[in-house]
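**Student:** I am attaching a structure below and will ask some questions about it afterwards.
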Amino acid sequence: MINPEFSLPLAVPLRFFRTAPLWLLLAGVLFLLEPSTVLSSRHAPEALALTHALMLGFAGNIMLGALLQVAAVVAGVRAARAGLAGLMVWLGLQLGVALLVAGLWFMQPLLLQGAALSLSLTLLPLAGWLFVRLCRSPACDPTSTGLAFSVLALVTTVLLGSALVLVLTRGAALPFAALLRQHVLWGSAGWAGMLLTSVAVTVVPMFLVTPPWPAKLVRLLVPGTFLLLLAMLCWPVLMPLLVLPAAALVLPLWRLLQQSKRCVDPARWLWAWGGLNLLLVFGLSPWQAEDGILDAVVLGGQFLLGGLLPIFTAMLGKIIPFLLWLDYRRQRPLAGPLRHMGQLFPERWLKYLGWLALVAGLCWPWGGVAATAAGGVLLVYALLLLGMLRQACCKAVAALVV
Amino acid sequence: MTITAVLQQQHRDCDSLLASAEAAARRRDWAACASVTQSFISDTEAHFRLEEESLFPAFEAATGMSGGPTQVMRMEHAEARSLMAGLGEALAARDADDFAGCCETLLILLQQHNLKEENILYPMCDRTVPDCLQELP
Ligand SMILES: [Fe+2]
Ligand SMILES: [Fe+2]
Chain A
1 MINPEFSLPL AVPLRFFRTA PLWLLLAGVL FLLEPSTVLS SRHAPEALAL
51 THALMLGFAG NIMLGALLQV AAVVAGVRAA RAGLAGLMVW LGLQLGVALL
101 VAGLWFMQPL LLQGAALSLS LTLLPLAGWL FVRLCRSPAC DPTSTGLAFS
151 VLALVTTVLL GSALVLVLTR GAALPFAALL RQHVLWGSAG WAGMLLTSVA
201 VTVVPMFLVT PPWPAKLVRL LVPGTFLLLL AMLCWPVLMP LLVLPAAALV
251 LPLWRLLQQS KRCVDPARWL WAWGGLNLLL VFGLSPWQAE DGILDAVVLG
301 GQFLLGGLLP IFTAMLGKII PFLLWLDYRR QRPLAGPLRH MGQLFPERWL
351 KYLGWLALVA GLCWPWGGVA ATAAGGVLLV YALLLLGMLR QACCKAVAAL
401 VV
Chain B
1 MTITAVLQQQ HRDCDSLLAS AEAAARRRDW AACASVTQSF ISDTEAHFRL
51 EEESLFPAFE AATGMSGGPT QVMRMEHAEA RSLMAGLGEA LAARDADDFA
101 GCCETLLILL QQHNLKEENI LYPMCDRTVP DCLQELP
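This is the structure we're talking about:
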């Protein structure tokens with residue numbers, strides 16, 4: 001019988017979480033440098049660089065940190081030398097994102113190839129290892145199963161991305177537009193969407209004390225999404241069906257949030273607002289148009305600013321202070337100056353971040369000045385989050401020496 | 001009923017009590033808060049004792065795994081107990097912010113603890129010591 005390992009060294013997830021806002025900051029600066037170029041076409045090199053700073057640098061760091069943490073807690077999956085392995089993955093990811101963002105911004109083939117190599121060498125072995133360990137874990141709850149599927153989607157996204165780099169830099173004879181569409185689909189609905197769904201199934205009832213999700217639905221949701229994505233590889237016309245998994249996630253989510261026994265928790269509103277945007281984006285994206293609200297840049301930006309950002313805020317505002325507090329408590333088992341996690345990261349901080357995420361998501365879809373303002377808000381959000389994380393970590397360290 | 005089903009229900013009942021205590025403290029309804037907190041602490045203590053005195057020893061004896069998962073669970077019980085003491089102190093001081101802070105921390109600690117038990121440890125117990133809880137009075 002296996003001996004499950006439940007705890008990950010705090011440094012492993014924290015390093016990913018603390019790096020994420022730096023990429024957000026860079027994305028905000030890049031956007032404010034070239035707002036009109038970015039807004040004009042998603043195929044502009046600047047827009048591609050920005051997308052990857054956000055999706056891989058900001059969202060990717062948060063999602064990998066969360067994936068490792070959740071896999072340890074939920075499925076007892078942990079590497080033998082978790083600290084070292086976590087550091088290697090972190091280094092590989094940051095190097096890969098930096099090369100990718102620079103390579104896309106300046107359209108430098110060598111940088112792009114380096115990025116593809118670094119990301120493949122980092123993410124593919126990690127995904128393979130996680131997939132095997134998740135399948136072998138005695139846990140068979142929907143979250144553990146869902147994590148395994150989202151890891152497969154991560155592999156697909158990385159492989160498709162590397163193929164795109166080959167087309168761009170070596171002129172490989174592959175259908176560029178089709179590859180690009182699948183890369184976006186597997187990255188957003190696949191890796192991000194399935195990971196978010198798997199995590200939400202567990203953390204929403206946990207943090208907000210709601211009834212559990214409908215059991216059949218959560219068993220089928222992630223595997224169903226995976227099958228749908230596979231079908232879309234062959235028949236892209238099925239894309240409008242993507243609204244189904246989004247609705248199957250968001251409609252029950254809203255009902256659970258209404259039944260939450262912690263109605264004053266600001267995280268409730270962040271989940272509800274994020275869910276609304278995910279549903280809108282997946283509902284509207286099959287009908288993309290050249291401009292206006294159905295423009296690909298608008299929808300892609302809304303996926304991140306309206307959908308992922310509020311939900312990530314809700315999760316980070318709890319997970320980070322909790323992990324810091326737990327680490328402090330393990331080093332000082334008896335009473336000390338830190339009684340609870342609210343002393344490291346007060347609830348009002350979560351409210352400030354929540355308001356900023358709301359404003360960014362409300363401004364972005366209108367384009368022009370409003371969208372540029374959303375970029376400014378994003379910059380403020382990144383700076384604030386960096387400051388808060390720094391302060392929380394400093395407080396935890398200071399409490400240890402008192 | 002399996003061990004997983006019985007103990008999972010106890011977890012849910014304790015969660016509800018803790019959420020009610022937090023809501024009462026945020027309303028500054030200290031009388032209600034005191035009585036719900038009392039029920040929460042006594043139910044949680046009873047649950048912890050059931051695990052520490054019956055379930056875990058049976059599991060350890062059956063599998064020979066005494067330094068692994070059950071040790072982590074015992075350590076987390078101790079951390080939860082120190083937060084429950086914090087709840088009592090905040091209640092006595094009528095400090096709503098401190099009470100809510102201890103509540104939220106305790107909630108997350110217990111939730112991630114329960115998850116480990118419900119997903120891994122209880123199913124392992126259901127396989128190795130299925131009748132353990134039926135022998136109880
Ligand atoms: Fe326990
Ligand atoms: Fe328990």
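Going down the list, the sequences are from chains A and B.
The first sequence maps to residues 1 to 402 in the UniProt record's numbering.
The second sequence maps to residues 1 to 137 in the UniProt record's numbering.
All C-beta atoms in this analysis are idealised placements derived from N, C-alpha and C, irrespective of residue type, glycine included.
As the structure is a prediction and not an experimental result, all values here were calculated from the model.
(1) Is it the case that the region 217 to 236 of chain A contacts the region 149 to 164 of chain A, given that we only count it when at least three CB pairs across the two stretches are under 8 angstroms?
(2) Please state whether DSSP places A100 of chain B in a helix, a strand or coil.
(3) At the 7 angstroms Cβ level, is K351 of chain A part of the contact set with chain B, yes or no?
(4) Please list the segments of the alpha helix (DSSP H) lying wholly inside the region 266 to 302 of chain A, counting only runs of 4 or more residues, in order along the chain.
(5) Are the Cβ atoms of L174 of chain A and A163 of chain A separated by less than 7 angstroms?
(6) Quick one: grab the DSSP three-state call for M1 of chain A.
(7) Would you check if the distance between the CB atom of L121 of chain B and the CB atom of L106 of chain B is smaller than 7 angstroms?
(8) Using 6 angstroms as the cut-off, classify the Cβ of E117 of chain B as near or not near the heavy atoms of ligand 2, replying yes or no.
(9) DSSP three-state label for G86 of chain A, please.
(10) Taking a cut of 8 angstroms between CB atoms, which residues from the region 70 to 84 of chain A lie near chain B?
(11) Let me see if you follow: with CB-CB separation under 7 angstroms, is V201 of chain A close to chain B or not?
(12) Please determine whether the Cβ atom of E51 of chain B lies at a distance below 6 angstroms from any heavy atom of ligand 1.
(13) For P236 of chain A, decide whether its Cβ has a neighbour in chain B, counting only Cβ atoms nearer than 7 angstroms.
(14) Using a beta-carbon distance below 7 angstroms, is G86 of chain B in contact with chain A?
(15) Whole-angstrom Cβ separation of A247 of chain A and L257 of chain A, contact assumed at under 8 angstroms?
(16) Output needed for Q182 of chain A: all residues of its chain with C-beta closer than 7 angstroms, excluding positions within five of it in sequence on either side, in chain order.
(17) At least one CB of chain A closer than 7 angstroms to the CB of Q134 of chain B: is that the case?
(18) Compare the C-beta of I120 of chain B with all C-beta atoms of chain A and state if any pair is closer than 7 angstroms.
(19) According to DSSP, is S41 of chain A helix, strand or coil?
(20) Are at least three pairs of beta-carbons, each pair with one atom in the region 83 to 100 of chain A and one in the region 29 to 41 of chain A, less than 8 angstroms apart?
(21) Using a Cβ cut-off of 7 angstroms (strictly closer), state whether D15 of chain B contacts chain A.
(22) With DSSP as the reference, label M206 of chain A as helix, strand or coil.
(23) Is there at least one Cβ from chain B nearer than 7 angstroms to K261 of chain A's Cβ?
(24) Any C-beta of chain B sitting closer than 7 angstroms to the C-beta of V29 of chain A?
(25) Mapping DSSP to helix, strand and coil, what is P321 of chain A?
(26) What number of angstroms, rounded off, separates the C-alpha of V101 of chain A from the C-alpha of L134 of chain A?
(27) Excluding the 5 residues preceding and the 5 following residue 138 of chain B in the sequence, name in chain order all residues of the same chain whose CB lies nearer than 6 angstroms to its CB.
(28) When you check each C-beta in the region 133 to 157 of chain A against every C-beta of chain B, which residues fall closer than 9 angstroms?
(29) What's the gap between the Cα of W269 of chain A and the Cα of D98 of chain B?
(30) Look at W186 of chain A and T156 of chain A and say whether their C-beta atoms are less than 7 angstroms apart.
(31) State yes or no: is the C-beta of M84 of chain B nearer than 6 angstroms to some heavy atom of ligand 1?
(32) Which bits of chain A does Q9 of chain B rub up against, with CB to CB less than 8 angstroms?
(33) Within the 7 angstroms Cβ cut-off, does P137 of chain B reach chain A?
(34) Anything in chain A within Cβ reach of A19 of chain B, meaning under 7 angstroms, just list it in chain order.
**Tutor:** Well, looking at it:
(1) Verdict: yes, contact present.
(2) By 1-based counting over the second sequence, the position of residue 100 of chain B is 100. Residue state, collapsed to three classes: helix.
(3) Your numbering for residue 351 of chain A matches position 351 in the first sequence. So no, K351 of chain A is outside the interface.
(4) As far as the region 266 to 302 of chain A is concerned, its whole alpha helix (DSSP H) runs of at least 4 residues are 267 to 284, 296 to 302.
(5) Along the first sequence, read from residue 1 onward, the residue named residue 174 of chain A stands at position 174. Along the first sequence, read from residue 1 onward, the residue named residue 163 of chain A stands at position 163. Against a cut-off of 7 angstroms, the Cβ pair of A163 of chain A and L174 of chain A comes out as a contact.
(6) Here residue 1 of chain A refers to the residue found at position 1 when the first sequence is read from its first residue. Note that M1 of chain A scores a pLDDT of 45, beneath 50, so its modelled location is shaky; the value from the coordinates is reported in the next line. If DSSP states are grouped into helix, strand and coil, M1 of chain A belongs with coil.
(7) Position 121 of the second sequence holds residue 121 of chain B. Position 106 of the second sequence holds residue 106 of chain B. Not closer than 7 angstroms, so no.
(8) Working through the second sequence from its first residue, we reach residue 117 of chain B at position 117. Yes, since a heavy atom of ligand 2 falls inside the 6 angstroms radius drawn around the Cβ of E117 of chain B.
(9) Walking along the first sequence from the start, residue 86 of chain A turns up at place 86. DSSP places G86 of chain A in helix when its eight states are reduced to three.
(10) Within the region 70 to 84 of chain A, the residues whose Cβ lies closer than 8 angstroms to some Cβ of chain B are V73, V74, A75, G76, listed in chain order.
(11) Here residue 201 of chain A corresponds to residue number 201 of the first sequence, with the count starting at 1. Residue-level contact by beta carbon fails for V201 of chain A and chain B, as no gap is shorter than 7 angstroms.
(12) In the second sequence, residue 51 of chain B corresponds to position 51, counting from 1. Yes, the beta carbon of E51 of chain B sits closer than 6 angstroms to at least one heavy atom of ligand 1.
(13) Here residue 236 of chain A refers to the residue found at position 236 when the first sequence is read from its first residue. Not one chain B Cβ lies under 7 angstroms of P236 of chain A.
(14) The residue you call residue 86 of chain B lines up with position 86 of the second sequence. Closer than 7 angstroms to some Cβ of chain A, the Cβ of G86 of chain B qualifies, so yes.
(15) In the first sequence, counting from the first residue as 1, residue 247 of chain A sits at position 247. In the first sequence, counting from the first residue as 1, residue 257 of chain A sits at position 257. Between A247 of chain A and L257 of chain A the beta-carbon gap is near 15 angstroms, outside 8 angstroms, which marks them as no contact.
(16) Position 182 of the first sequence, counted from the first residue, corresponds to residue 182 of chain A. The answer, listed in chain order, is L160, L233.
(17) As a position in the second sequence, residue 134 of chain B is number 134, starting the count at 1. By the rule that beta-carbons nearer than 7 angstroms mark a contact, Q134 of chain B does not touch chain A.
(18) Taking the second sequence and counting its residues from 1, the one referred to as residue 120 of chain B is at position 120. Chain A, which has a Cβ nearer than 7 angstroms to the Cβ of I120 of chain B, makes this yes.
(19) Taking the first residue of the first sequence as 1, we reach residue 41 of chain A at position 41. Coil, per DSSP.
(20) Counting C-beta pairs with one atom in each stretch, the region 83 to 100 of chain A and the region 29 to 41 of chain A have fewer than three that are closer than 8 angstroms, which means they do not touch.
(21) As a position in the second sequence, residue 15 of chain B is number 15, starting the count at 1. Taking Cβ atoms only, chain A reaches closer than 7 angstroms to D15 of chain B, which makes this a yes.
(22) Numbered from 1 along the first sequence, position 206 holds the residue referred to as residue 206 of chain A. It is helical.
(23) For the purposes of this step, residue 261 of chain A is taken as the residue at position 261 of the first sequence. Output row for K261 of chain A: interface = yes.
(24) Reading the first sequence from its first residue, position 29 is the one you call residue 29 of chain A. No, V29 of chain A lies away from the interface with chain B (no Cβ there is under 7 angstroms from its Cβ).
(25) For this step, residue 321 of chain A is matched to residue 321 along the first sequence. In this structure, P321 of chain A counts as helix in the three-state DSSP scheme.
(26) In the first sequence, counting from the first residue as 1, residue 101 of chain A sits at position 101. In the first sequence, counting from the first residue as 1, residue 134 of chain A sits at position 134. Between V101 of chain A and L134 of chain A, the C-alpha separation is close to 31 angstroms.
(27) With chain B covering 1 to 137 only, the question about residue 138 of chain B has no answer from this structure.
(28) Cβ proximity to chain B below 9 angstroms picks out S137, P138, A139, C140, D141, T143, S144 from the region 133 to 157 of chain A.
(29) Within the first sequence, residue 269 of chain A is the residue found at index 269, counting from 1. Within the second sequence, residue 98 of chain B is the residue found at index 98, counting from 1. Going by the C-alpha atoms only, they are around 23 angstroms apart.
(30) Numbered from 1 along the first sequence, position 186 holds the residue referred to as residue 186 of chain A. Numbered from 1 along the first sequence, position 156 holds the residue referred to as residue 156 of chain A. Taking 7 angstroms as the Cβ cut-off, W186 of chain A and T156 of chain A qualify as a contacting pair.
(31) The count along the second sequence starts at 1 and reaches residue 84 of chain B at position 84. No, Cβ of M84 of chain B sits at least 6 angstroms from all heavy atoms of ligand 1.
(32) Mapped onto the second sequence, residue 9 of chain B falls at position 9. Near Q9 of chain B there are no residues of chain A at all, since even the closest Cβ is about 12 angstroms away, more than 8 angstroms.
(33) If you number the second sequence from 1, residue 137 of chain B lands on position 137. Any reading at P137 of chain B must be qualified, since the residue scores a pLDDT of 47, below 50, and its modelled position is unreliable; no value is offered.
(34) Reading the second sequence from its first residue, position 19 is the one you call residue 19 of chain B. Under a criterion of Cβ atoms nearer than 7 angstroms, the residues of chain A adjacent to A19 of chain B are, in order, V209, K261, R262.
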